[in-house]
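These notes are about the structure you will find just below.
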Amino acid sequence: MADQNLVSEDLIKYQYTPLKTPRSIRLVFLHPDDSYKSPLRINFYDTSLDADVQYLAVSYTWATEKGDCSLSRSVECGSSDQYIKITQNCDAGLRRIRAQSGSQGNILWVDAICINQNNIEEKNIQVPLMRQIFLKAQKVALWIGEASSILDPETTRPITDLGIEFINEFAQEILDRKQAGQSLKEGKCYQAVLKEMQVIRHGGVYSAPVEGLWEILHREWWKRAWVVQEVAIARLPVLMCGECMVSFDTVETVIGALAKDLPDLSPEEHESNAEFITTAFTYFVMRDYAKRVDLQPKVDFPTTNILPGHRAFHILMNTQNVRSSDPRDKVYGILGFFGDPKSDPENILPLPDYNKPTAEVYADVTRAIIISTKSLNVMSHCYGKIRANPGLPSWAKSWDHTPLSGFSEDTSNASNDLPVVYEDCGDSFSLKLKGKRFDVITDIAPFPDSGTFEYNDLEVVRLWHQWVEFFFSRKSYPTGEEMQNVLLQTLCWSSNIIQKRLTPGEYREGFSALLQVLTSSEIIKKRVEDLFSNNLTEPYCQRAKRVTLGRLLSRTSKSYLAFVPFSTLPGDQVVIFSGGRVPFVLRSTDNMFQLLGPCYIHGIMDGEAFPKDKRQCEDLEWFTLH
Numbered sequence: 001m002a003d004q005n006l007v008s009e010d011l012i013k014y015q016y017t018p019l020k021t022p023r024s025i026r027l028v029f030l031h032p033d034d035s036y037k038s039p040l041r042i043n044f045y046d047t048s049l050d051a052d053v054q055y056l057a058v059s060y061t062w063a064t065e066k067g068d069c070s071l072s073r074s075v076e077c078g079s080s081d082q083y084i085k086i087t088q089n090c091d092a093g094l095r096r097i098r099a100q101s102g103s104q105g106n107i108l109w110v111d112a113i114c115i116n117q118n119n120i121e122e123k124n125i126q127v128p129l130m131r132q133i134f135l136k137a138q139k140v141a142l143w144i145g146e147a148s149s150i151l152d153p154e155t156t157r158p159i160t161d162l163g164i165e166f167i168n169e170f171a172q173e174i175l176d177r178k179q180a181g182q183s184l185k186e187g188k189c190y191q192a193v194l195k196e197m198q199v200i201r202h203g204g205v206y207s208a209p210v211e212g213l214w215e216i217l218h219r220e221w222w223k224r225a226w227v228v229q230e231v232a233i234a235r236l237p238v239l240m241c242g243e244c245m246v247s248f249d250t251v252e253t254v255i256g257a258l259a260k261d262l263p264d265l266s267p268e269e270h271e272s273n274a275e276f277i278t279t280a281f282t283y284f285v286m287r288d289y290a291k292r293v294d295l296q297p298k299v300d301f302p303t304t305n306i307l308p309g310h311r312a313f314h315i316l317m318n319t320q321n322v323r324s325s326d327p328r329d330k331v332y333g334i335l336g337f338f339g340d341p342k343s344d345p346e347n348i349l350p351l352p353d354y355n356k357p358t359a360e361v362y363a364d365v366t367r368a369i370i371i372s373t374k375s376l377n378v379m380s381h382c383y384g385k386i387r388a389n390p391g392l393p394s395w396a397k398s399w400d401h402t403p404l405s406g407f408s409e410d411t412s413n414a415s416n417d418l419p420v421v422y423e424d425c426g427d428s429f430s431l432k433l434k435g436k437r438f439d440v441i442t443d444i445a446p447f448p449d450s451g452t453f454e455y456n457d458l459e460v461v462r463l464w465h466q467w468v469e470f471f472f473s474r475k476s477y478p479t480g481e482e483m484q485n486v487l488l489q490t491l492c493w494s495s496n497i498i499q500k501r502l503t504p505g506e507y508r509e510g511f512s513a514l515l516q517v518l519t520s521s522e523i524i525k526k527r528v529e530d531l532f533s534n535n536l537t538e539p540y541c542q543r544a545k546r547v548t549l550g551r552l553l554s555r556t557s558k559s560y561l562a563f564v565p566f567s568t569l570p571g572d573q574v575v576i577f578s579g580g581r582v583p584f585v586l587r588s589t590d591n592m593f594q595l596l597g598p599c600y601i602h603g604i605m606d607g608e609a610f611p612k613d614k615r616q617c618e619d620l621e622w623f624t625l626h
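Positions 1 to 626 (the UniProt record's numbering) are the ones given, in order, by the sequence shown.
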């Protein structure tokens, strides 16, 4: 028999039998055992997704909380001395499930075991079936790992055990107070979370139940790409941590209450709540989204005549912060939100092909979104010099890293709502679009060495101090506008902290107070602290600081002020593409162009520099991006 911690040399590696049909899947029977430490034993059997079979699907991360994803454990297969290697965390989850099932055993679907991980062709067939596998499962076990190693001093119990009890108590409190029409914020559990967050911010320590909740909501499981669809489409998901379990619907009730911007909640309290649930929030959003789409298709898109591709773009953007060991799974891992591409027009994603490099998969998805939505909104999140994947074209969105962004495309309309004009150039890594050259970048405002610049309040204000001098070196603006208003609008991308278009007069008083500091002879630390704590100046300063990240202030040859990507150099060109809501900075290279990223140029963001009629697009220029 194999020791639970080692792969015995006496065992033979299991040889998978090919699945019979494209609709076939493997299930395993996990044999019962009274001892937690006894070896795991399974039997395989093939079935069809069309068969009426009851089974439990398991959602988990391959790695432990410490990041160990080595195949250091084994499962014995059948009556012969064959084994399959699994990770330590998978092993622990199966043992806990076995213990919960008693003497009956359990029929399971576990990806690491039921899919031959060494057979790319099988993975290409099985991955598109994941939606149906989790939909058909009688239950889904969400294994987030063993109980915490931190024990409550009073009870000597793991704090995660207390955290699960707190979730149940908190959820019941929420339901009771809603039914009674009482404020959620004034509930005992809600107040406990608010008070604990304040304690932590001032150097204190959590109480055990709230610390347990924090640990549960920040486990590595929440950061895994595949988990998003597994949770969203599961019928009866149950969250398991060590020996304890709780319905995910109960967890969802707590996350939803903390996410809600209650009328009696201060901005600081809402921010604290957001920080508390930040890791788990994606799963709440996507599960809620899946429920609403099932009941009312496209309910999350308020505009009319929505074109295919918007749903894929929406989901990819909402899940970009989760992780996957294979970056291609950032795309393949959301296929469960769609039906068969032959019958679901919203499914514009490529079929899984693990023979394709990541760069090609990401390029295919970006192009598909552009063509199907007839817009370049996806390209507004591309920064050509920030390439997380080798070979990724500058125009293709990297789905496995968070963009600089800081703005919403909805606040501008540089191409007057005209559609993308695209031409197939026969190259997976090139994109051919029509657009208009607007201007050339000629001057870049001072910026400290990127290796030494610290992105804190004081250093950012010192940077703005230099930028103000650069800006006011010109006495007028091409549009004839008041210079102070041009700078106000530019530094915040003409939008507020929630990325909505500025209303007339918004931020004006706060900006005027900031400008007094920026035009003084010296930037004093105390005055900077006041700027970021004063109710008048803090909102604008925070907004401008967010937009400043990764950007430079510059000027064009026509004297327009431009907020451009950090990699911009004098000589780079500003182009407005048909279908683009923002202008873009391009760099010419060998008769092609590299996309550096979106930019803000005050005075052309609402279509002032672009044709207003589709017929005039014939005169636009072709640009080939690589």
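Backbone N, C-alpha and C fix where the C-beta goes; we use that ideal spot for every residue, glycine too.
First and last residue of the uninterrupted beta strand (DSSP E) at residue i
| i | result |
| --- | --- |
| GLU621 | 621 to 625 |
| SER588 | 584 to 589 |
| LYS432 | 431 to 444 |
| VAL228 | First-last for VAL228: 225 to 233, but that is the alpha helix (DSSP H), not the beta strand (DSSP E). |
| LEU552 | 551 to 556 |
| ALA562 | 561 to 565 |
Closest by C-alpha distance to residue i, when choosing among the options
| i | options | result |
| --- | --- | --- |
| ASP326 | ASN456, TRP399 and VAL378 | TRP399 |
| ARG219 | ALA280, GLY181 and LEU491 | ALA280 |
| LEU372 | TRP395, PRO419 and GLY336 | Going by the sequence as given, residue 372 is Ser instead of Leu. Ranking TRP395, PRO419 and GLY336 by Cα distance to SER372 puts PRO419 first. |
| LEU620 | ARG437, LEU596, GLN484 and THR21 | ARG437 |
| ARG474 | TYR560, PHE566, VAL585 and GLN320 | TYR560 |
| MET483 | SER557, PHE407 and GLY603 | GLY603 |
| LEU566 | GLY480, LEU595, ILE576 and ILE497 | Rather than Leu, the amino acid found at residue 566 in this sequence is Phe. Checked all of GLY480, LEU595, ILE576 and ILE497; the closest Cα to PHE566 is LEU595. |
| ILE277 | ILE216, ARG224 and VAL331 | ILE216 |
| ASN118 | GLN15, VAL547, ASP424 and GLY607 | GLN15 |
| VAL210 | ILE167, TYR422 and ARG328 | ILE167 |
| ILE25 | LEU142, ILE12, GLU454 and ALA51 | ALA51 |
| ARG543 | LEU488, LEU30, ASP161 and ASP261 | LEU488 |
| GLU509 | HIS381, LEU531, ASP572 and LYS525 | LEU531 |
| ARG73 | ASP81, ASN89, GLU65 and SER79 | ASN89 |
| GLY335 | ILE133, LEU184 and LYS37 | Contrary to the premise, residue 335 reads as Leu rather than Gly in this sequence. When only C-alpha atoms are compared, the closest one is ILE133. |
| VAL547 | GLU196, LEU162, ASN496 and VAL227 | ASN496 |
Supposed contact pair residue j and residue i - C-beta distance, whole angstroms, cut 8 Å
| i | j | result |
| --- | --- | --- |
| SER415 | SER578 | 5 Å |
| ALA290 | ILE233 | 6 Å |
| ASN43 | VAL28 | 7 Å |
| TRP493 | PHE563 | 7 Å |
| PRO393 | LEU625 | 7 Å |
| LYS397 | TYR362 | 7 Å |
| VAL585 | GLY597 | 6 Å |
| ARG441 | SER554 | A small correction: the amino acid at residue 441 is Ile; Arg does not occupy that position in the sequence shown. The Cβ separation is near 5 Å, so the contact holds. |
| MET130 | GLN229 | 7 Å |
C-beta neighbour in chain B for residue i, strict 9 Å
| i | result |
| --- | --- |
| GLN82 | Protein chains in the displayed structure number just one, and chain B is not present. |
First through last residue of the alpha helix (DSSP H) which encompasses residue i
| i | result |
| --- | --- |
| ALA137 | That residue, ALA137, is in no alpha helix (DSSP H); it is neither H nor E in DSSP. |
| PHE313 | 310 to 318 |
| PRO598 | First-last for PRO598: 592 to 598, but that is the beta strand (DSSP E), not the alpha helix (DSSP H). |
| ARG23 | Where ARG23 is concerned, there is no enclosing alpha helix (DSSP H), given that its DSSP letter is neither H nor E. |
| VAL331 | 329 to 332 |
| PHE511 | 508 to 518 |
| PHE471 | 457 to 471 |
| ALA609 | Segment: none, ALA609 is in no alpha helix (DSSP H) and carries neither H nor E. |
| PRO478 | Premise fails: PRO478 is in no alpha helix (DSSP H) and is neither H nor E. |
| LEU184 | From DSSP, LEU184 is part of no alpha helix (DSSP H); its letter is neither H nor E. |
Coil, strand or helix - residue i by DSSP
| i | result |
| --- | --- |
| ILE159 | helix |
| residue 670 | Absent from the structure is residue 670, since the part of the chain shown begins at 1 and ends at 626. |
| residue 627 | What is shown of the chain runs 1 to 626, which leaves residue 627 out entirely. |
| ILE351 | In the sequence on display, residue 351 carries Leu and not Ile. Coil, per DSSP. |
| ILE369 | helix |
| CYS244 | strand |
| GLN296 | Bear in mind that a pLDDT of 33 at GLN296, under 50, signals an unreliable position, so the number given afterwards is only what the model happens to contain. GLN296: coil per DSSP, three-state reduction. |
| GLN15 | coil |
| TYR60 | coil |
| PHE577 | strand |
| GLU146 | coil |
| ALA51 | coil |
| VAL238 | strand |
| TYR190 | helix |
| LEU262 | coil |
| PRO448 | coil |
| GLU423 | strand |
Please list the segments of the alpha helix (DSSP H) lying wholly inside the segment 69 to 140, counting only runs of 4 or more residues, in order along the chain.
88 to 101, 111 to 114, 120 to 126 and 130 to 136
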